[in-house]
Every structure is written in C-alpha cells, then in structure tokens.
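Okay, so here's the structure we're looking at.
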Amino acid sequence: MQSRNVNLQRENNLKITETNLTIMMEFILLGFSDIPQFHWFLFGGFLVIYLIILLGNGIIILITKVDATLQNPMYFFISNFSFLEICYVSVTLPRMLMDLWTQKGTISFLTCATQMCFFLMLGVTECFLLAVMAYDRYVAICNPLHYPLVMNHKVCVQLVVASWISGFPVQIGQTCQIFSLPFCGSNQINHFFCDIPPLLQLACGDIFVNELVVYIFAVLFVTLPFLLILGFYVKIISTISKLPSKTGRTKAFSTCSSHIIVVFLFYGSATVTYLKPKSHQYEGIDKLLSLFYTTLTPTFNPMIYSLRNKDVRKAMRKFLPRLSAL
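Each residue of the sequence shown is one higher than the one before, counting from 847 in our numbering.
As structure tokens, then:
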C-alpha cells in the first residue's frame, strides 16, 4: 500500500513538473491588447516610425562616411550612435509589428530570453556611447589644443569597441539569472517586449536578490555613465562661460546642445522605468515610458542631429540631390 502511494505521488509530481515546463515553454506579450480597436492604427503608426528611424539614421551614417567635412571624431561617434539606434529599435519594433499584425503575441521562452538579452546589451552600449560622446565634447572644448592628439582615430575606435562590448558578459549573465527563475503562474507579460520588470512580476518565490541585482546593474551601467556625462558638462559649461567672445560661446553651446537633448530624452524615461518602485498600478505608465525610450527617442535623434547641426544640414543638401539622381 505504501509503495502504491509513493508511485502515485511520483506521478503527481511528474504531472506538476510537466505543467510547469509547458507554461515555461512560451509567454504571451499582451502589448496593446487592451485597446483592440486601435490595432491597425497602431500598426500603421509604428511601421511609419520604424521606416523613419531606418531612413533617418541610415542617411546620417551615409553622409558621415562620404562627406569629407564630416570626417572627425564627433561625426564618427554620431555615425556609430545612429547604427546603434537601428540595432536597438530592431530588437523590439519588428516583433511588436508582427504581434499587432497577427494579434497573437505568443513568444517562445528562448526568443523572449534572446530579445531581452540583446535589448539590455544594446541599452548598456547606448549609455556608454553617450558618455564617450560627452567626453569627446569635453576634450574638444576644454582642451582644444590637445584634441587631435587625445582623440585620434585609434582612440576613437577603442572607445567605441569598449562601449559595445563592456556590458555584454554582465547582461548575458543577468538574462540567464532572470530566466532561471520559476515561472509557475501566469505566462502573460503585460508589455510589448520581454523586459525585466514585467518578467519579475511573473516569477514565483522570493525575487529580492534578483531585484537587488537589477538595481545594482542599473546603478553601474545607467547611473554611473550619466554621472560621468553630468561631470563632463559641468566642466564644459564652466569653460564656455569663461570664453570672451559671445560668438564663441554660442558656437560651443550649439555643438553640445544636440547631445544634451538626446541624453535627457533617453536617460529620463529609462531611469524612471528601472529605478522606480515596482507596482501593478504603474504598468500602463511603464509601457508609455518604455515606448518613449525604445521608439520615440530613436525617431527624434536623426532630426536632432541634422536639423540642429549646420554641418550636417550642409552635407545633406549636397548628398540628397545626388541620391535622388541615382
């Protein structure tokens, strides 16, 4: 009798394990399922936004490669930043467009983990690259005589490569840690892509350590680069304010203003999303903030760097007629 009970218990445990494994095999991205009447409107809107991002950033990459007047470190970093923006939005937007088209939202466990891993790695790269761009402006304005020596091509390439690879090992480890958690409840992610906050809400058991790790990494890879950027700009503003010529001050501010706008657009929404207290009542706000720094900011960046930059506008006026003539 005892042997039979043990066998029954084993069978029940096996069924529970199979059920949990079935749940873990896939998630459902709810996205904008709460407003189904706007699905096609959202699909059209986000498709246009994606095309604008690809076209705008693609043109900046091209003109910084072909125009001789834009062959300097600042535009080298802008070109790399534009390429990063294309990669960054391509992690989330195509998937969101597919979900809006099919109105399903089903995503496999492995695909969800891959999406989150690339999103985190590219997000960290953006933080460090923005800090590198601030350092470039700091050297150009505060140490102009040493600028060609300090920011030579080899150093620029090293800074860009370091920005791309610095967060890769850590974010791969963080992704593995998040997806090793037991997800034994609902498999519905109330978001339009696989991100850390909504996934932690689905995890079972004590996730205090995981949340602590998220905060530590957010401080290391988001807050510290932001503090570096602030430090560089404090010194830049201090140097500019001492310039005797009003024209010189205006020119110096104009070369930094575009970067400052991009920094605050990206960091403002990202910091609030990852460092604010987690609560189900803020899920709608989380979506809007995520939409801002994953979609809208990359849309504005080409316009910020082109419309506010005299050299880029001049290069575009020369380049676009040649492009249309092809």
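Even for Gly, the Cβ is constructed at its ideal location relative to N, Cα and C.
Nearest-angstrom Cα distance between MET942 and VAL1080? 39 Å
Would the stretch 946 to 966 count as touching the stretch 1010 to 1027 if we require 3 or more Cβ pairs under 8 Å? yes
From ARG1163 to VAL1006, what does the alpha carbon distance come to, in whole angstroms? 28 Å
Rounded Cβ spacing between VAL1068 and ALA1116 (contact assumed at less than 8 Å): 7 Å
In terms of residue numbering, what span does the alpha helix (DSSP H) encompassing ILE899 cover? 885 to 912
State the Cα-Cα distance for the pair PRO1028 and ILE906, rounded to the nearest angstrom. 44 Å
Kindly indicate which three-state DSSP category SER1084 falls into: helix, strand or coil? helix
Between VAL970, ARG983, VAL1059 and PRO919, which lies nearest to SER1104 when the distance is taken from Cα to Cα? ARG983
Would you decide whether GLN949 is buried or exposed? Buried here means 16 or more other CB atoms lie within 10 Å of its CB. That one is exposed.
Report the CB separation of GLU1057 from LEU1046 in whole angstroms; it is logged as a contact under 8 Å. 7 Å
Identify whether PHE873 lies in helix, strand or coil by the three-state DSSP scheme. strand
Under three-state DSSP, which class holds GLN848? With a pLDDT of only 41 at GLN848, under the threshold of 50, the placement of this residue in the model should not be trusted, and no figure is reported.
Cα-Cα separation between PHE873 and CYS933, rounded to whole angstroms: 23 Å
From the DSSP output, in three-state form, read off GLN961 for me. helix
Expressed to the nearest angstrom, what Euclidean distance is found between the alpha-carbon atoms of ILE895 and ALA1161? 24 Å
Could you tell me the distance, in whole angstroms, from the CA atom of VAL937 to the CA atom of SER879? Rounded to whole angstroms, the gap between the alpha carbons of VAL937 and SER879 is 20 Å.
With DSSP as the reference, identify every bridge partner of SER954, one or two as the case may be. Per DSSP, the beta bridge partners of SER954 are GLU872.
Does the pairing of the stretch 912 to 925 with the stretch 974 to 982 give three or more beta-carbon distances under 8 Å? yes
DSSP-derived helix/strand/coil call for GLN1023: helix
Quick check: what's the CA-CA separation for HIS885 versus THR1093? 50 Å
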